[in-house]
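Residue 1310 is where the sequence shown starts when you use my numbering, and the numbers rise one by one after that. For every residue, glycine included, the Cβ atom is placed at its ideal position computed from N, Cα and C. Accompanying notes for the structure given below.
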Amino acid sequence: MSFDFSADEIFEIAVEIERNGAKFYRLAADSVTDADKKKLLIQLAEMEDEHEETFKALRNQLAINEKVLATFDPEGEAEGYLRALADTRVFYEKKIDKTSLKEIFKAAITAEKDSIVFYLGMKDVVPAHFGKQRLDDIIKEEMSHIRLLSNELMALS
């Protein structure tokens, strides 16, 4: 079965991805003893919280037609598919050295890139009349995370 997703569904998953990102950074901060590193990781978690709120606001601004399911899906398979992608592809738990800020940044950059790939892929399945252009807002937010993380990683070198 082929799925079409509305912008509303994508924003719902974006909220989940950002929530997972905040959790990732907070868990990393819990494992770091250096006060400055801990503070930075908490700030990154707070940025994810802010992005979550941004995506909630964008979702609330969607027109009624952008919230309608694009495909008849009484079993909720489309939502399950999106959730599975969000849970397994972005900010998934993996073995990293959480005591190394460099490794944390590398893992975070990879997760942020994966989220962009997710959103770019979803642009291909969200019809234009269901708010496809709004996905660009999400992609821009994730790109700003990568820039910040890359700058921090370079500063460590």
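- Straight-line measurement puts the Cα of Ala1316 at about 8 Å from the Cα of Leu1371.
- Taking Thr1342 as reference, the option from Lys1407, Leu1353, Ile1455 and Gly1330 with the minimal CA-CA separation is Lys1407.
- Shown here, Leu1444 sits in a helix according to DSSP, grouped into three states.
- Between Leu1458 and Ile1418, the beta carbon gap of about 5 Å places them in contact (Cβ cut-off 8 Å).
- A residue is called buried once 16 or more other Cβ atoms fall within 10 Å of its Cβ, and Ser1466, having fewer, is exposed.
- Taking 8 Å as the cut-off, the Cβ atoms of Met1431 and Leu1444 count as close.
- Beta-carbon to beta-carbon, Ala1354 and Ala1331 are separated by about 5 Å, close enough to satisfy the 8 Å threshold.
- In the three-state scheme derived from DSSP, where H, G and I count as helix and E and B as strand, Leu1371 is classed as coil.
- For Val1426, the three-state secondary structure derived from DSSP is helix.
- DSSP, reduced to helix, strand and coil, places Ser1459 within a helical segment of the structure shown.
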